[in-house]
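Written out below as structure tokens is the structure these notes cover.
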Amino acid sequence: MRLHLRYIFLVVVLCIVNASLASGASVTIMPSGAGSYSVQGDNMDGVTGMTLTIDYNKSALSSPTVSWGSLVSGAMAIANTTTFPSSIKISIIRVNPFSGSGPIATVTFANHNSSAVLPSLVVNQMTDSNMANIPVQDNKRIETDDTKKTDSPTVYPGFEKEKGDTIVTPGSSMSGSPPPGLGTKTVAPLPTVPGSIAVPGDSQPRGEMHPAETKGAPAQEVPVAAESETLQMKQQPVEKVSEASEPVGVKQTVYSGVLDRFRVYQGEKTPDALVALFKKVVSPTVLQEPDIAISDGTAVVRITVDLSAIKSASPNFAFTDAKLVSLKKGEASGQWVLETLPQVNALKASVTILNGNSIMEYPLTLVPPSAPVSAKLADFAAFLKDSGAKAPKHDLNGDGRHDYLDDYIYTAHYLIRSKTTAH
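The following block contains the structure:
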């Protein structure tokens, strides 16, 4: 009888444990005051990394800033509030796992009005100390009467699509080495699954370098100050907790891509002038092959990163609107070789490199597939004469107008076609 009772007790205990493990972590966004929203993590035991996307209505909210909460004290946390219109990308990595529940961050909009809809939040990925994915419960949006004044938009709650906007489902994957003390894994080659994680280790064998054929593509639409913008920043002080740690000083470099050059270009539109916008190197330490990649859902882009000037542990890599295919060390010291697959028809995608206290964001040069483009210079010049017309004859991206995006797409395919013809 006692033996049966022991078995019954053991089964009950196992059921309770399994129920606890199956509950899963969750992240909530809720209003916390005029123009401010709190991001709360629940049941976060065992989580060491996460990537989040917050989308908001830019007609009602603008100029966001992010301050970190006590739950992520001691973590390396990055908030990209400028690269993506109406969207905030957050990446957080910590050596020791998070514990329990608490505030992750507070998002404050300097400009806001009463028509603002509660921003939407997507958990792109959560990982544990073994860099394995953690199941996440459905994201919760806790509304008040003030946040219910307008209808939810059709793309994402809190996001209003304007004419000409390119809407891409937010999605990013993080890959790279775990923080010091968590061990390493060999990862090349990797399955091509969105959100998969790669962990480069110092013991990983060096791979051979194979030149890739050249294709075409545009880069991300980033506010341009110069060819790259380097920011020295400190993490915002977190709320007081018993184990509060000093903020980590972070040097962030955001490179502007070829698409950005087209967006801000004010000169005369001639074939030679637009081709020249593709010729300047985006980054001296990052090489993309092919230099223009077609985002057809099958063409893999090869990225070679030279980190020899930065002395630190193995880097981490995060991808936006692209997924990791493979990751390995290059032949040269401090060199890493990534293969990534951009989303279908993407104009913009990026890789973010976290190395010690240095963060570098590199935009890929992508172009979506298009109808055949002539390699003749006269046809190129005739195409440009249509730019800005009220009733355009040429609309390559289907937004009802001929603007810099169409010029970019045509120029990219013209260069690809010219190289193909030359060979």
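The opening residue of the sequence shown carries number 1 in my numbering; numbering runs sequentially from there. Glycine is no exception: its CB is placed at the ideal position from the N, C-alpha and C atoms.
- For the stretch 280-330, the full-length beta strand (DSSP E) segments reaching 3 residues or more read 286-289, 301-306, 316-320, 322-329 along the chain.
- Looking at P369, A273, L384, T48, the one whose alpha-carbon comes closest to that of F98 is T48.
- Assigned with DSSP and collapsed to three states, P342 falls in strand.
- Under DSSP, I104 shares a beta bridge with no residue.
- Look at K385 here: in three-state DSSP terms it is helix.
- Between the C-alpha atoms of L118 and L61 there is a straight-line separation of about 10 angstroms.
- When C-alpha distances from S67 are compared across A116, G330, I104, the shortest belongs to I104.
- Residue environment analysis places D291 among the buried positions, since at least 16 neighbouring C-beta atoms fall within 10 angstroms of its C-beta.
- With respect to the C-alpha of T28, the residue from G35, N43, A34 having the closest C-alpha is N43.
- Here the stretch 291-304 lies against the stretch 359-377, with 3 or more beta-carbon pairs under 8 angstroms apart.
- If you draw a straight line from the Cα of A318 to the Cα of N133, it is about 14 angstroms long.
- V72 is positioned such that its CB atom lies closer than 8 angstroms to that of I92.
- Pairing Q266 with L277, the inter-Cα distance amounts to about 12 angstroms.
- Taking a contact as a CB-CB distance under 8 angstroms, the pair D55 and S87 counts as one, their CB atoms being some 5 angstroms apart.
- Counting other Cβ atoms within 10 Å of its Cβ, G24 stays below 16 and is therefore classed as exposed.
- Per DSSP, D55 is one residue of the beta strand (DSSP E) stretching across 49-55.
- Rounded to whole angstroms, the Cβ separation of V325 and T340 is 6 angstroms, and the two are in contact under 8 angstroms.
- Judged by DSSP secondary structure, L61 falls within the beta strand (DSSP E) whose first and last residues are 61-68.
- For N357, the closest alpha carbon among the candidates A299, T83, K419, R94 is that of R94.
- In its chain, beyond the 5 residues on either side, A60 have a beta carbon closer than 7 angstroms to the beta carbon of N113.
- Across the set T127, N96, A116, A273, the C-alpha of A116 shows the shortest separation from the C-alpha of P31.
- Per DSSP, D403 is not a residue of any beta strand (DSSP E), being assigned neither H nor E.
- Following the DSSP letters along the chain, one finds D45 in no alpha helix (DSSP H), marked with neither H nor E.
- Excluding the 5 residues flanking it on each side, N397 has same chain C-beta neighbours closer than 7 angstroms at L405, D406, I409, in chain order.
- Counting only the Cα atoms, L347 lies some 16 angstroms from H402.
- Taking 8 angstroms as the cut-off, the Cβ atoms of A375 and S333 do not count as close.
- Beta-bridge partners assigned by DSSP to Y362: V351.
- Comparing alpha carbon positions, the residue from L338, L377, E361, Q288 closest to A79 is E361.
- Collapsing the DSSP output to three states places P271 in a helix.
- For L121, the enclosing beta strand (DSSP E) starts and ends at 120-127.
- The beta carbons of L354 and A322 sit no closer together than 8 angstroms.
- When DSSP states are grouped into helix, strand and coil, A276 belongs to the helix group.
- Ranking D260, K251, W336, T411 by CA distance to the CA of M76 puts K251 first.
- Annotation: V373 is outside any beta strand (DSSP E) and is labelled neither H nor E by DSSP.
- With 16 or more other Cβ atoms from the protein chains shown falling within 10 Å of its own Cβ, S350 counts as buried.
- Closest in C-alpha terms to G388, from the list V373, K269, V136, H413, comes K269.
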